[in-house]
Amino acid sequence: MEYLNNTGRQRLGDALKEAIGEDAKLSIIASYFTVFAYGELKEELSKVAELRFVFSEPTFAKRMEREKEPREFELRRRDRERGIGGTGLELTLRNNINQRALARECAEWVRQRATFKTARQAGLIGTTGTYHVDNPRGESEAFMGSASNSFTLEGLGYERKPDVITGVSHFQTTQEAMGLKAMFDGIWDNPALVEDVTERVAAQIETLYRENPPEFVYFLTLYHLFRDYLDDAEEDPVTFVEDFADSVVWNKLYDFQKDAVVGAIRKLEKYKGCIIADSVGLGKTYEALAVIKYYQERNARVLVLAPKRLRDNWTLWTNDNDDRNPLADDRFSYTVLNHTDLSRYYGKSGEVDLEHLRWGNFDLLVIDESHNFRNKSTDSEKKDRYTRLIEDVIKSGRRTKVLMLSATPVNNRLLDLRNQIELITEGDDAYLAESDGIPSITQVTRVAQQRFNEWSKLEDGERTTESFAAMVNADYFKLLDVLTIARSRKHIMKYYGAATGTFPKRRKPLSFKTPIDLAGELPPIGELNNMIAQLTFAQYQLLSYVRFDKVADYEDRYGDTWGKDFQSQVHRTAAVANLMRVNLLKRMESSVNSFRITLRRILEGAETLRRELDAKSSGASYDASGWDAEFDDEDDAEEFEQGGKVKVDLRDVDAIRLGQDLDYDIFQLGKLLEYADAVTPERDAKLVKLKSFIEEKVRNPYNPGNRKVLVFSAFADTVDYLFDELSESLSEELGLECAEIAGTRCRTWSLKLPRTTFENVLSRFSPISKELPEREREKGEIDVVFATDCISEGQNLQDCDCLVNYDIHWNPVRIIQRFGRIDRLGSTNAQIQLVDFWPDVELDEYIQLEGRVKGRMALMDASATGEENVLEGKAADEMNDLMYRRKQLEQLQEEVLDLEDISGGISITDFQFDDFRVELQRYDAVHPGLLETSPAGLHAVAAIPDELRGEVAPGVVFCLRQNDASRDPKDSNPTFPYCLVYVSQDGSRVSAHTQPKTALDLMRAACAGCAEPVAELCRAFNRETRDGSRMERYTELLNAAVASITGMQEEKGIESLFSLGEVGSGGVLGFDDYSLVSFVVLR
1 MEYLNNTGRQ RLGDALKEAI GEDAKLSIIA SYFTVFAYGE LKEELSKVAE LRFVFSEPTF
61 AKRMEREKEP REFELRRRDR ERGIGGTGLE LTLRNNINQR ALARECAEWV RQRATFKTAR
121 QAGLIGTTGT YHVDNPRGES EAFMGSASNS FTLEGLGYER KPDVITGVSH FQTTQEAMGL
181 KAMFDGIWDN PALVEDVTER VAAQIETLYR ENPPEFVYFL TLYHLFRDYL DDAEEDPVTF
241 VEDFADSVVW NKLYDFQKDA VVGAIRKLEK YKGCIIADSV GLGKTYEALA VIKYYQERNA
301 RVLVLAPKRL RDNWTLWTND NDDRNPLADD RFSYTVLNHT DLSRYYGKSG EVDLEHLRWG
361 NFDLLVIDES HNFRNKSTDS EKKDRYTRLI EDVIKSGRRT KVLMLSATPV NNRLLDLRNQ
421 IELITEGDDA YLAESDGIPS ITQVTRVAQQ RFNEWSKLED GERTTESFAA MVNADYFKLL
481 DVLTIARSRK HIMKYYGAAT GTFPKRRKPL SFKTPIDLAG ELPPIGELNN MIAQLTFAQY
541 QLLSYVRFDK VADYEDRYGD TWGKDFQSQV HRTAAVANLM RVNLLKRMES SVNSFRITLR
601 RILEGAETLR RELDAKSSGA SYDASGWDAE FDDEDDAEEF EQGGKVKVDL RDVDAIRLGQ
661 DLDYDIFQLG KLLEYADAVT PERDAKLVKL KSFIEEKVRN PYNPGNRKVL VFSAFADTVD
721 YLFDELSESL SEELGLECAE IAGTRCRTWS LKLPRTTFEN VLSRFSPISK ELPEREREKG
781 EIDVVFATDC ISEGQNLQDC DCLVNYDIHW NPVRIIQRFG RIDRLGSTNA QIQLVDFWPD
841 VELDEYIQLE GRVKGRMALM DASATGEENV LEGKAADEMN DLMYRRKQLE QLQEEVLDLE
901 DISGGISITD FQFDDFRVEL QRYDAVHPGL LETSPAGLHA VAAIPDELRG EVAPGVVFCL
961 RQNDASRDPK DSNPTFPYCL VYVSQDGSRV SAHTQPKTAL DLMRAACAGC AEPVAELCRA
1021 FNRETRDGSR MERYTELLNA AVASITGMQE EKGIESLFSL GEVGSGGVLG FDDYSLVSFV
1081 VLR
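967 is the number that the working numbering gives to position 967 of the sequence shown; each next residue is one higher, with no gaps.
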């Protein structure tokens, strides 16, 4: 006997080559058999008369033999079965790309000369890693090793891990070998120990070279990427289907909505929280209702927090006796409160007594429009809504799961998302450290914001989703993927197909530019803007007039509120004055009536203050943030409040300077008001144009019989004006019923309703989508609604086919949200129309007007003693927005945009994988065990869909795996250690592995639903590669894929040397450091 160390010249494989003679009989007991080991010995194996192979642990055993095997044994069994196609160090790209031809040879040899058996149960066969060669001349040799000496390249000594000993004992004489032979025969001939699995082994080898359906390879790829998700599902299955498959809400959902519900429940169970951020019009509310139904079936107490304007939506579904409730049979019984109720400690909200409410007694909290909680107070002593939500609702009492419904985050403040995530984590920065390897959520979002800022400075052509993905930190994508579900309209249409129903066709937007005054007597908008820009708005910044000798008194009086930094507070009030300036400009753009009313309010306030100053009243004092400004923009109103409520005694001010500024403002405001008063409704060009458009639309409807029009304005004063001036004539001339919704105020023209409420008006305006009972519809419908943005979110008004923006909101997202009221899945309208009224100026001039006003605000912030932006960063953000705003507005003039299409923003829908996971789970349920036992390295040939041929060239999508996962290159790849890369056939185009969703989307488009091999394409591929034996061209494309990965890793490696935090370990990787999981050839 001799000992072989299984390296160099003492390899087991070489010893076997010498020992195997013509017509030898070979007997092996091992845990693995691979085609690559066969390939190394195939010349010698072709001479053997017979191979008898015993798997020492259950492999390909019938299910009944292993029904009760522990989970860890089952995982090892799957690995052994997959291992036919290669294991460990065998899985290099060089081996995998040539696997097909080798597998074909191996399968043929197995069917001719080999018999395989397997242990029926784990632990029955104590010996493994043994080889016996019985030559016909009577000579026998045997080798005995350990479990490491399987029939693999590593076990035979051709590959080696430096820390693994694989030495074997070599029995060189027949006498020495006979003992092992007798032991093997005893096992082989005992049916209680082993069963024959030859056919299953041959079938497994055949999977390596047979023509594969594209769909199968696509799902095999998903399995490798997301197998942990399947494992989690097995351990903690969502049993919702059995519980409420018959519920009304579940059966109203489309497939993509059901997928979101399943994904949300999984996140709620695993992480105690989830953010659903599907795009406008995709039905987030119904998804949330299905989640609520799931938890109600488990007797969970549920609280819904909604904006006040959406409260009636949520309460309707809890009223089983209301004939307008389409979900009455589901018997919802959750509690509904307003966002604003978090600021209240007494009184009632609906039927809820807030003084005695046990806020911490809920199992599930659902927050509608959760982006309203994106800002939290920096004042440690002030308990704002956000703080109370964290402390009294989420942290208090039982552990509360949090489901948030949010607008798709598409903006330049990635940090906003962090504050919503903290509602899930309860402020624990290391909440995801153990489960997902994210040690600090704050650090992840901070770095991502820095990268976004760098990205936003790139030229237009370079500022793409792909370049952002390459720049940002991978753990930010992981953070999004872990806690959010976000799908875009395009995504749903593309990948769920006809099962989603239909969206209406978007007609090209109509853009109207009208002067303010038909008589032409009013100065141009630019000149009016200059007059507004010169106003001091003194009454809104009284602190700036306080004499120096009185400053200390105010610091002592209000120090507990805003500290000892008086100058900083002066800048706050100055910023509020600038908000008033912006507000006045916005109102001028909206309507001459809104402009006139606001001018009068400001003028009256200035005159009142001037009189008090002249009277030298000893008791007169004024709030430094001014009078009731009636902001219609909630963000502006919030910032107005942040200016602080500081009383200023007029005896403490510089009366001369204040008096001069008030006199100037009173004079200028008087002139502006004189201009505005001259424009009567008959001279209001914009009003006249709106009426003529509605007349034209009714006479020539976009859809047969549809007379409905929804008109939006940012301002209640404008909505009042439109309703008052147009309702009568539209009713008399066209028979149209008009209504107004402005905040909590609702009016109808002639239709008498039992209660003129928000929900009643909308139900008559969109009776089909609101499922209004037929008998109620017969009482009359509403045709035209004039509304503020109080209904721009959370409402399904898809009966209407025309939406008019009477004023252009400076935030394009708001415009898109408005259109989302009628641009919805399942609309009964074939086409819909967007109409925009633009200011009567060129776009460049419009942007400059905005910039001039916003610039003064930013200047104030820049001088504010270096503290963080006093208005929560909005002023600076809006200045940054100017670089994008021109392009956005240009786009809006030409087409209706989705949120994801807005230039200069990033949508989290670009980085989501939840749909893929749920898709994988559905496939695995229909084909149990197929994916888990399939080997790696498989391929398919698929056709590029016709709709993608213009943008996708023929090529290959490769899925690779980095063999040593401990060497994390820190290169922003969210699917590490897997890399997905598309390479065009000529090698000129390579997708970034840092954005794997691009390649996955392409695979899905080409493969999903293609359940059979495409015969014509397969024949062409086989001719090209000679049945897989000539793969040089594809090796070159693999090289290009690996080069793109390692090139980016090298850049990131260099970059990491100059940054804080962990540096990627192990240096730059090469071709042999990756294994091929799968590839799809696109033709």
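We treat Cβ as the ideally placed atom computed from N, Cα and C, and that holds for glycine.
Here the structure is a predicted model, which means the values were calculated and not measured.
Is residue i buried or exposed, if buried means 16 or more other CB atoms sit within 10 Å of its CB?
i, result
"Arg917", "buried"
"Gln296", "buried"
"Arg266", "buried"
"Ser333", "exposed"
"Asp914", "buried"
"Gln567", "exposed"
"Ala245", "exposed"
"Ser763", "buried"
"Asp134", "buried"
"Asp881", "With a pLDDT of 44 at Asp881, under the threshold of 50, the modelled position of this residue cannot be trusted, and the question is left open."
"Asp416", "buried"
"Phe548", "exposed"
"Val926", "exposed"
"Ile20", "buried"
"Ala1015", "exposed"
I need the boundaries of the alpha helix (DSSP H) containing residue i, first residue and last residue.
i, result
"Lys267", "255 to 271"
"Glu1150", "Residue 1150 lies beyond the stretch modelled for the chain, which goes from 1 to 1083, so this question has no answer here."
"Glu740", "It is not in any alpha helix (DSSP H) - Glu740 instead sits in the beta strand (DSSP E) that spans 738 to 742."
"Val201", "198 to 206"
"Cys1018", "1015 to 1025"
"Arg446", "441 to 456"
"Ser973", "Ser is not the amino acid found at residue 973; the sequence shown has Asn there. Unbroken run through Asn973: none, as it is neither H nor E."
"Ile516", "Careful: Ile516 lies outside any alpha helix (DSSP H) and carries neither H nor E."
"Ser594", "592 to 615"
"Leu174", "Checking the sequence, you will find Thr at residue 174 rather than Leu. 174 to 188 is the span of the alpha helix (DSSP H), which, as asked, contains Thr174."
"Arg922", "914 to 926"
Just to check my reading of the structure: residue i and residue j have Cβ atoms closer than 8 Å, yes? What is that Cβ distance to the nearest angstrom?
i, j, result
"Tyr978", "Arg961", "5 Å"
"Arg581", "Leu535", "7 Å"
"Asp840", "Pro515", "5 Å"
"Ala1041", "Ala469", "That belief does not hold up - the Cβ atoms of Ala1041 and Ala469 are roughly 17 Å apart, past 8 Å."
"Leu365", "Val402", "5 Å"
"Ala1011", "Val957", "In fact, because the Cβ distance is near 19 Å, the residues do not count as touching under 8 Å."
"Glu40", "Leu156", "6 Å"
"Leu1082", "Ile944", "5 Å"
"Leu938", "Ser766", "With a Cβ gap of about 51 Å, Leu938 and Ser766 do not count as contacting."
"Asp341", "Leu354", "6 Å"
Kindly indicate the opening and closing residues of the beta strand (DSSP E) around residue i.
i, result
"Glu2", "2 to 4"
"Lys25", "25 to 30"
"Arg961", "955 to 962"
Original post:
Counting pairs of beta carbons, one from the region 107 to 119 and one from the region 4 to 21, are three or more of them closer than 8 Å?
Top reply: no
Subject >> Contact the region 679 to 698 vs the region 523 to 542: 3+ CB pairs below 8 Å >> reply: Short answer: they don't touch.
**OP:** Could you name each continuous beta strand (DSSP E) segment of 3 residues or more that falls completely within the region 93 to 159, going from the start of the chain to the end?
**Re:** With a minimum length of 3 residues, the continuous beta strand (DSSP E) runs that stay inside the region 93 to 159 are 114 to 119, 130 to 134, 140 to 144.
**OP:** Note down, one range per segment and in chain order, each alpha helix (DSSP H) of at least 4 residues found wholly within the region 637 to 722.
**Re:** 655 to 677, 685 to 699
Original post:
Any contact of the region 774 to 790 with the region 736 to 749, i.e. 3+ C-beta pairs under 8 Å?
Top reply: yes
Original post:
Can we say the region 739 to 757 touches the region 713 to 722, given the rule of at least three CB pairs closer than 8 Å?
Top reply: Taking a cut-off of 8 Å for Cβ pairs, the region 739 to 757 and the region 713 to 722 touch, as three or more such pairs fall below it.
Original post:
Do three or more CB pairs link the region 301 to 319 to the region 424 to 442 at distances below 8 Å?
Top reply: no
Original post:
Can you give, in chain order, each stretch of the alpha helix (DSSP H) that sits fully within the region 750 to 780 and has at least 4 residues?
Top reply: Runs found: 758 to 765, 774 to 777.
Original post:
Between the region 213 to 233 and the region 926 to 943, are three or more C-beta pairs nearer than 8 Å?
Top reply: Inter-segment contact for the region 213 to 233 and the region 926 to 943 is present: three or more beta-carbon pairs are separated by less than 8 Å.
Original post:
Can we say the region 270 to 277 touches the region 483 to 497, given the rule of at least three CB pairs closer than 8 Å?
Top reply: yes
**OP:** Enumerate, from N- to C-terminal direction, the unbroken alpha helix (DSSP H) stretches of 4 or more residues contained entirely within the region 390 to 433.
**Re:** If you keep only unbroken alpha helix (DSSP H) runs of at least 4 residues inside the region 390 to 433, you get 415 to 425.
**OP:** Would you check if there are 3 or more beta carbon pairs closer than 8 Å linking the region 471 to 478 to the region 785 to 804?
**Re:** With a cut-off of 8 Å, the region 785 to 804 and the region 471 to 478 do not count as touching, because too few Cβ pairs lie within range.
Original post:
So does the region 596 to 608 actually touch the region 569 to 579, counting three or more Cβ pairs closer than 8 Å?
Top reply: no
Original post:
Is the number of C-beta pairs between the region 135 to 151 and the region 172 to 188 that are closer than 8 Å three or more?
Top reply: yes
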